[in-house]
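Counting from 1, one number per residue, gives the positions in the sequence shown under full-length UniProt numbering. C-beta: ideal position from N, C-alpha, C; glycine also. Right, one structure below, let's go through it.
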Amino acid sequence: MFERSKKGETALLIQPHRGGLDDGAVEEFADLARSAGAKVAHLMTARIDRPNPATLIGSGKLEEVKAAADATGADLVLVNHPLSPVQERNLEKALERRVVDRTGLILDIFAQRARSHEGKLQVELAQLRHMATRLVRGWTHLERQRGGAIGLRGPGETQLETDRRLLQKRVEQLQRRLEKVEVQRTQMRRARVRSELPRVALVGYTNAGKSTLFNALTGADAYAADLLFATLDPTVRRIALPGGSVVLADTVGFVRDLPHELVAAFRSTLAEAREADLLLHVIDAADPLREERIAQVDEVLEEIGAGDIPQLLVYNKIDRIDGAEARHDLPTDGHDHVHPQAARERVWLSARDRDGLDLLRDALGARLGLRRVSGEVQLPPGAGRLRARLHELGAVLAEHHDEHGWTLSLDLAEADAARIVAHAYGEPLRPLLPEGASAPT
Ligand SMILES: Nc1nc2c(ncn2[C@@H]2O[C@H](COP(=O)(O)OP(=O)(O)OP(=O)(O)O)[C@@H](O)[C@H]2O)c(=O)[nH]1
């Protein structure tokens, strides 16, 4: 995972807390560290009921951390909490090694995962902003020894060695480029809206299997890895379902307490979720903390204004649960104590084994009200391309040719029919081809 160093760095992890430590947070923190490519040497907790403004953790704890870091030979210390620039600097002096806070860690992972032009721009911008707050006379990140290290990856040497003014210039340049990309994205989204295809967005906690499901449904070879945030950039594809096509978008994985500056940086990714007709909320069914994760994702969706969009819950990774089989659960009335999500529609599947995908396709088709239409159309002479397109879609049941042109007996998804005819004749027809109807000549 390290782009510039050959070997993974060893990290000592510090989990600050105010009493009531939560297992989920600790587990996620270790996952994040591993995702960044670190080897976790040791994990320590630190109470911060009264956070020390200079070092966050107390001085006694700081000594313990230093001893543990020396004993384990840790290259760096990761702190699962935002640190002020002063705290970070003081901790580094006291611990004599690099210290990276939660935001720096997540930024580092994003920097490693960014694939598209836009994703890279967004990450660089967020990194520069994070760095700008840490540029202090006499001691800067820029002066420190570098070389493929967590928290230091990203913008190249030339930017790193610039002063505040150049940094600001670069930030402005990135902002302008991003505005352009944003405009293009909005235009693309408008075009999709015009195509009238229903929009479905995959959302879910990081590592739930969204990219794997996206690939399974689209046949695309998007990048999936057992690492958090494999999906940084929205990937959008059209997929065929029984009854019609939909536009499917993969989105970035959610984490708890995503640093606010990152939520802003990734708003275009989240826009895919906000504008969807239906959300496929992907859940790792084998995760002991799955109910908590579901609630956290729901909360983020609420925050980004997607709380009212209908959801279909996809319980993925059933291959990891003994005796579990692919199935489709319709919502039940009333509260079910065994299954807290019983009031919601659920499909259980394994994206990896491609087990249960048909159940999901059917559920999606039904949920989106995709309907098929059939009937006879007479194509005017010169509509060869339209005829070829209909054949391509497998919509032609029978056809014959006479002096008036082609007569086709068709069966196809209503959405496809509307789109094709709109394309061929320049205007949408709704409903298209009711029983026995003919296309206009
Ligand atoms: N056993 C099992 N593993 C799965 C299944 N689906 C996905 N995985 C694994 O889970 C890990 C995460 O999958 P991704 O598809 O990258 O997850 P994601 O939700 O897109 O992750 P982020 O991009 O971090 O949000 C990978 O190692 C997958 O191979 C499944 O059905 N069964």
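### Message
Taking only three categories from DSSP, how would you classify Ser59?
### Response
helix
### Task
Please indicate yes or no: does the CB of Gly209 lie closer than 7 angstroms to some heavy atom of ligand 1?
yes
#### Entry: Assigned exposure category for Lys210 - 16 Cβ within 10 Å defines buried
buried
### Task
Have a look at Ala366 and Leu359 and give me their C-alpha separation to the nearest angstrom.
11 angstroms
### Status (buried if at least 16 other CB within 10 Å, exposed otherwise) for Glu272
buried
### Query
Measuring CB to CB, does residue 442 end up less than 8 angstroms from Ala351?
An answer regarding residue 442 cannot be provided, because it is not within the stretch 1 to 441 covered by the chain.
### beta strand (DSSP E) runs contained entirely in the segment 344 to 393, provided each spans 3 or more residues
346 to 348 and 372 to 379
### Task
Give the straight-line distance between the Cα atoms of Glu275 and Glu182, rounded to the nearest whole angstrom.
15 angstroms
### Query
Looking at the structure shown, is Val300 part of a helix, part of a strand, or coil, going by DSSP?
helix
### Task
Answer yes or no: do Met44 and Val65 have a C-beta to C-beta separation smaller than 8 angstroms?
yes
### Query
Quick one: what's Glu399 bridged to in DSSP?
Leu408
### Message
Using only the alpha-carbon positions, how far apart do Ser84 and Glu291 sit?
### Response
33 angstroms
### Query
Should Val282 be listed as close to ligand 1, given that the test is whether its C-beta is under 7 angstroms from any heavy atom?
yes
### Beta bridge counterpart(s) of Ala36 as assigned by DSSP
None; Ala36 has no bridge partner.
### Message
Quick check: is any heavy atom of ligand 1 less than 7 angstroms from the C-beta of Asp319?
### Response
yes
#### Entry: DSSP bridge partner residues for Gly307 (one or two, in chain order)
For Gly307, which the question treats as bridged, DSSP gives no partner whatsoever.
#### Entry: Outcome for Gln127 when other beta-carbon atoms lying within 10 angstroms are tallied against a minimum of 16
buried
### Query
Could one say the Cβ of Gln15 lies closer than 8 angstroms to chain B's Cβ atoms, at least one of them?
Reference to chain B is not applicable here, since this structure consists of a single protein chain.
### Message
I believe Leu313 touches Gln296 by the beta-carbon criterion, under 8 angstroms. Please report the beta-carbon distance rounded to the nearest angstrom.
### Response
Incorrect: roughly 14 angstroms between the Cβ atoms, too far for contact.
### Task
Could you tell me if the beta carbon of Arg352 falls within a distance shorter than 7 angstroms of some heavy atom in ligand 1?
yes
### Message
Could you check if Thr218 belongs to the surroundings of ligand 1, using beta carbon to heavy atom distance under 7 angstroms?
### Response
no
### Range of the contiguous alpha helix (DSSP H) that encloses Arg129
His117 to Ala132
### Span separating the alpha-carbon of Asp298 from that of Leu278
14 angstroms
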